[in-house]
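Chemist:
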């Protein structure tokens, strides 16, 4: 367990970044909605260019936002996987057929997978945010640099 930190600290850090990403998604959506209402507004156009580059969000076919390569997308995929792991953890905890030692070992294994997944998501998000920031130039506030 060399190099491990407190699992609670990792979880707190993950949800801090995830919640910020959710807020950022809402900001992107609101700005895009404003831009759709007033597409000739130069301030909105400039803001859209900056924010879409900052979060690597594109406008897809049909006019919908395309989050595929977004710096924020990693949290959606990670949340899905975390849900699966937590369900496995619940199943292990409810399994009366497991001995105490086996249950504790399996719980620890799943808990470490959760922690690793959260760390990887944060790292991926920060790496993607840094790449997007380098392509778009300086911005007021990059999600990963907070």
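Numbering (my numbering), first residue to last: 150 to 295. Cβ coordinates follow ideal geometry from the N, Cα and C atoms, glycine included. Owing to the predicted nature of the structure, the values given are computational and were not obtained by experimental measurement.
Taking all protein chains shown into account, decide if residue 258 is buried (16 or more other Cβ within 10 angstroms of its Cβ) or exposed.
Modeler: So residue 258 ends up on the exposed side.
Chemist: Hey, is the segment 224-244 in contact with the segment 176-190, meaning 3+ C-beta pairs nearer than 8 Å?
Modeler: Because the criterion of three Cβ pairs below 8 Å is not met, the segment 224-244 and the segment 176-190 do not touch.
Chemist: Hey, could you find the ends of the alpha helix (DSSP H) residue 218 is sitting in?
Modeler: Segment: none, residue 218 is in no alpha helix (DSSP H) and carries neither H nor E.
Chemist: Going along the chain, which residues of its own chain have a beta-carbon closer than 7 Å to the beta-carbon of residue 166, five neighbours each way excluded?
Modeler: Excluding residues within five positions, the ones whose Cβ falls inside 7 Å are 271 and 274.
Chemist: Just curious, the alpha helix (DSSP H) that residue 194 is in, first and last residue?
Modeler: It spans 191-204 - the alpha helix (DSSP H) in which residue 194 sits, taken as one unbroken run.
Chemist: May I ask you to list the residues that DSSP assigns as paired with residue 214?
Modeler: 208, per the DSSP bridge assignment.
Chemist: CA-CA distance, residue 215 and residue 230?
Modeler: If I take the Cα positions, the gap works out to 21 Å.
Chemist: Could you check what DSSP says for residue 247 in three-state terms: helix, strand or coil?
Modeler: DSSP places residue 247 in coil when its eight states are reduced to three.
Chemist: Taking C-beta to C-beta, are residue 234 and residue 174 nearer than 8 Å?
Modeler: Not in contact: residue 234 and residue 174 (Cβ atoms no closer than 8 Å).
Chemist: State the Cα-Cα distance for the pair residue 280 and residue 239, rounded to the nearest angstrom.
Modeler: Each residue's Cα considered, the two are about 38 Å apart.
Chemist: Look at residue 92 and residue 177 and say whether their C-beta atoms are less than 8 Å apart.
Modeler: Residue 92 is absent from the model: the chain starts at 150 and stops at 295.
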